[in-house]
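This report refers to the structure that appears directly beneath it.
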Ligand SMILES: Nc1nc2c(c(=O)[nH]1)N[C@H]1C(S)=C(S)[C@@H](COP(=O)(O)OP(=O)(O)OC[C@H]3O[C@@H](n4cnc5c(=O)[nH]c(N)nc54)[C@H](O)[C@@H]3O)O[C@H]1N2
Ligand SMILES: Nc1nc2c(c(=O)[nH]1)N[C@H]1C(S)=C(S)[C@@H](COP(=O)(O)OP(=O)(O)OC[C@H]3O[C@@H](n4cnc5c(=O)[nH]c(N)nc54)[C@H](O)[C@@H]3O)O[C@H]1N2
Ligand code: SF4
Ligand SMILES: [Mo]
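In this note's numbering, the protein residues as written are 5 to 729.
As structure tokens, this is what we get:
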């Protein structure tokens with residue numbers, strides 16, 4: 005008799021959050037369905053989660069720990085046991101610590117996955133201040149930091165209560181595909197279906213732009229100017245929320261003066277958005293209540309990121325939409341993070357964090373959650389300055405695809421003495437390591453999670469099955485620490501989750517008596533939300549107790565307390581001499597539903613639908629280069645050249661080119677697996693200038709040129725555009 009059961013679980017194939025029902029038969033997952041009661045997805049799921057079995061049972065999954073057999077990058081691997089892997093890692097790290105200090109070890113992770121908080125915890129326990137995350141200076145964290153400093157919390161959009169937003173300002177975000185993790189797309193869709201009006205700020209005509217009352221097709225990299233121009237209209241026309249501003253905002257007058265530098269006519273010249281559109285959109289935002297902000301990574305990819313994020317955020321403050329039903333809410337996280345073990349890192353070690361004194365909002369001691377500056381770490385590995393990085397330990401990070409300047413990242417990995425990579429698959433990054441470890445996929449691990457944008461929801465992920473010898477990253481941190489005799493080995497991951505729940509219960513009585521074992525039975529839990537908490541508290545959690553339009557923290561840290569626009573370092577206006585050879589503005593990103601960052605390229609069903617990355621080109625521009633839809637195209641920047649397939653459409657400015665991100669070809673020969681062929685980060689740079697606050701580099705608004713690849717015959721021209729395009 006075969007045993008068949010249905011288990012409630014949570015998909016984590018993106019940042020995660022969809023509740024699912026797994027049918028398990030004789031220890032194998034045989035069916036994945038969305039849970040109709042799932043608080044975030046309400047019976048819906050995306051293709052990545054639905055194809056979870058193809059991922060789970062993919063023949064190319066890493067199955068066992070392996071050690072490099074030949075030369076580094078030689079693609080020869082030898083199976084070893086977990087014990088051997090732990091011993092070798094412990095031994096090598098001990099040697100590096102002894103010769104170079106713990107700071108010579110860099111712990112690298114990728115975008116916010118289940119082990120997100122366990123990585124800094126492990127790094128602190130190891131004694132190194134140098135842990136990195138490729139999105140930290142350029143994905144979400146600038147928004148979190150600005151929120152904390154100016155509002156005293158990390159704000160997010162409200163789709164959770166009775167009142168839905170009447171207006172959604174979608175800024176640099178393609179929410180149909182990649183909202184938050186991807187999972188909030190269903191809730192945003194509901195709010196739009198309920199009648200929310202849209203304003204979309206995006207260089208591409210996304211599905212959201214198509215449905216918008218106002219689509220502001222700006223020049224990539226000029227968002228701060230646009231936001232300041234909208235503030236100019238709202239403040240000068242007196243259509244801001246006077247009550248909220250008078251009572252709860254600090255620094256109105258200095259902000260009013262600052263925005264005088266950004267009249268719509270000047271902003272139109274900078275952004276390429278007509279002045280009247282800026283005025284109309286600003287008026288609609290200020291007069292449609294409640295309004296919310298759905299922002300994305302499109303505003304976090306220039307060296308002016310922090311001030312851009314600030315300028316956009318202030319629109320929500322002056323229009324009085326903060327912490328009101330259907331507006332922009334104060335932090336919806338209810339579960340404290342796993343303890344980072346900050347006390348285990350001495351002050352002296354903390355000061356050694358690369359970027360600490362320069363990028364003070366990213367890496368400085370003022371930040372409760374500081375991380376190292378990636379370009380400084382990569383440089384240190386290559387040049388040994390200011391001190392050498394000798395080891396990279398990767399947990400869910402394919403840096404050669406996700407960091408700017410793919411070649412430089414690869415050089416840094418080659419220069420290091422000892423590298424480890426824990427992943428689901430053998431990636432180009434893993435190929436430059438000495439030990440690889442097989443990671444558990446989402447159905448194979450225990451985890452508890454609560455993201456700031458999950459509407460007071462706590463979700464549990466359960467180990468439903470296990471394939472081969474994979475483990476969860478959390479298990480490895482605990483076991484490896486124990487092997488190294490570090491002060492973090494005694495616990496199990498469950499102990500850590502119990503402790504998180506215990507701390508949460510101190511604040512939320514509804515959680516009283518609920519431990520991880522109980523949470524696994526319940527699967528998910530939502531806690532009611534109260535609005536306008538600043539009124540009950542008698543203020544905001546900022547130094548002045550108000551929303552800081554003029555930031556006293558920025559001032560103290562030596563940064564401009566008011567937002568400003570700065571032309572991107574490479575652009576038609578700041579580097580006009582480059583324009584002759586590189587006449588187009590390049591932006592990178594623009595996600596696809598099947599692929600999460602650089603993941604999923606092994607999945608046959610995904611590749612059948614979308615086999616090769618696409619470069620988006622306006623028909624006029626394509627014609628000028630003799631390019632037709634589906635042709636292969638070379639895209640070049642001052643840094644290098646890649647190839648992508650032309651997607652010719654008129655939803656993009658003729659002067660702008662968009663390249664897809666994250667592409668490599670697992671089927672091609674290692675160690676590169678084609679990671680320099682179509683990877684848009686061959687075109688980007690990791691050199692200064694960086695954002696002065698967060699150290700961000702430029703991934704959008706660069707310069708490029710295109711040319712038809714005559715030597716390439718397109719295999720097929722049948723790529724289906726994503727839904728809604
Ligand atoms: N040019 C350009 N560059 C970009 C971006 C862009 O828009 N344009 N976007 C940036 C952004 S926003 C981000 S967040 C970064 C993303 O950067 P990363 O998060 O580093 O993304 P990936 O390169 O996909 O690497 C993640 C790796 O983790 C593995 N993995 C998945 N789940 C697990 C797990 O549970 N455990 C372990 N150990 N491994 C796992 C995957 O197989 C994959 O190889 O890239 C950034 N880079
Ligand atoms: N399916 C899927 N879902 C994902 C991911 C994925 O790779 N695939 N990645 C995850 C990660 S790590 C993140 S950070 C999020 C990212 O998700 P999003 O924030 O949606 O990021 P992108 O799609 O790269 O870019 C958003 C939009 O910004 C526009 N854009 C480009 N340049 C500019 C600019 O200069 N200014 C403005 N205003 N807009 C610009 C692009 O045209 C695009 O439509 O999605 C997450 N979810
Ligand atoms: S949106 Fe994210 S959590 Fe939901 S099914 Fe897709 S990958 Fe999974
Ligand atoms: Mo990201």
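All C-beta atoms, glycine included, are put in the ideal place defined by N, C-alpha and C.
{"Item": "Nearest-angstrom Cβ-Cβ length linking residue 208 and residue 662, presumed shorter than 8 Å", "Value": "6 Å"}
{"Item": "Segments assigned beta strand (DSSP E), at least 3 residues, entirely inside the segment 380–408", "Value": "395–399"}
{"Item": "Check: residue 143 C-beta below 6 Å from any heavy atom of ligand 4", "Value": "yes"}
{"Item": "Residue 329 versus residue 499: straight-line alpha-carbon distance, rounded", "Value": "36 Å"}
{"Item": "For residue 57 and residue 670, the rounded distance between their alpha carbons", "Value": "19 Å"}
{"Item": "Cross-strand partners of residue 528 (DSSP beta bridge)", "Value": "463"}
{"Item": "Residue from 646, 67, 627 whose Cα sits closest to the Cα of residue 85", "Value": "67"}
{"Item": "Residues bridged to residue 425 (per DSSP)", "Value": "398, 440"}
{"Item": "Residues near residue 83 by beta carbon distance below 8 Å, same chain, minus five either side", "Value": "68, 69, 70"}
{"Item": "Nearest-angstrom Cβ-Cβ length linking residue 365 and residue 702, presumed shorter than 8 Å", "Value": "Not confirmed; about 18 Å, so no contact."}
{"Item": "Local Cβ density within 10 Å of residue 648, reported as buried at 16 or more and exposed below that", "Value": "buried"}
{"Item": "Contact under 7 Å by Cβ, residue 480 with residue 447", "Value": "no"}
{"Item": "Simplified DSSP state of residue 807, which is helix, strand or coil", "Value": "As displayed, the chain neither begins before 5 nor continues past 729, which places residue 807 out of reach and without an answer."}
{"Item": "Between the CA atoms of residue 174 and residue 26 - distance to the nearest angstrom", "Value": "34 Å"}
{"Item": "Proximity test, residue 21 beta-carbon vs ligand 4 heavy atom, cut-off 6 Å", "Value": "no"}
{"Item": "Cβ pair residue 639, residue 652 closer than 7 Å", "Value": "no"}
{"Item": "Nearest to residue 608 (by Cα), restricted to the options 6, 39, 8, 64", "Value": "64"}
{"Item": "Cβ pair count under 8 Å reaching 3, the segment 286–298 against the segment 156–175", "Value": "yes"}
{"Item": "Presumed contact (8 Å Cβ cut-off) between residue 236 and residue 267, rounded CB distance", "Value": "6 Å"}
{"Item": "Contact between the segment 523–535 and the segment 323–339 (3+ Cβ pairs under 8 Å)", "Value": "yes"}
{"Item": "Residue range of the unbroken alpha helix (DSSP H) whose run includes residue 152", "Value": "145–155"}
{"Item": "Touch test, the segment 458–467 against the segment 41–56, Cβ-Cβ under 8 Å, three pairs minimum", "Value": "yes"}
{"Item": "Residue 650 - containing beta strand (DSSP E), residue span", "Value": "644–652"}
{"Item": "Candidates 362, 483, 693, 682: closest to residue 561 by CA position", "Value": "362"}
{"Item": "Which of helix, strand or coil DSSP assigns to residue 417", "Value": "helix"}
{"Item": "Boundaries (first-last residue) of the beta strand (DSSP E) holding residue 702", "Value": "It is not in any beta strand (DSSP E) - residue 702 carries neither H nor E in the DSSP assignment."}
{"Item": "The segment 346–358 / the segment 127–135 touching (three or more Cβ pairs under 8 Å)", "Value": "yes"}
{"Item": "Contact set for residue 491: own chain, Cβ-Cβ below 7 Å, skip 5 residues either direction", "Value": "129, 348"}
{"Item": "Inter-residue spacing [alpha-carbon to alpha-carbon] between residue 489 and residue 95", "Value": "12 Å"}
{"Item": "Backbone CA spacing between residue 189 and residue 512 [nearest angstrom]", "Value": "28 Å"}
{"Item": "Straight-line Cα distance separating residue 679 from residue 79", "Value": "15 Å"}
{"Item": "Sub-7 Å separation of residue 224 and residue 195 beta-carbons", "Value": "no"}
{"Item": "Contact test: residue 422 Cβ vs ligand 1 heavy atom, cutoff 6 Å", "Value": "no"}
{"Item": "Status (buried if at least 16 other CB within 10 Å, exposed otherwise) for residue 655", "Value": "buried"}
{"Item": "Member of 121, 7, 690 whose CA lies at the smallest distance from the CA of residue 413", "Value": "690"}
{"Item": "Proximity test, residue 301 beta-carbon vs ligand 1 heavy atom, cut-off 6 Å", "Value": "yes"}
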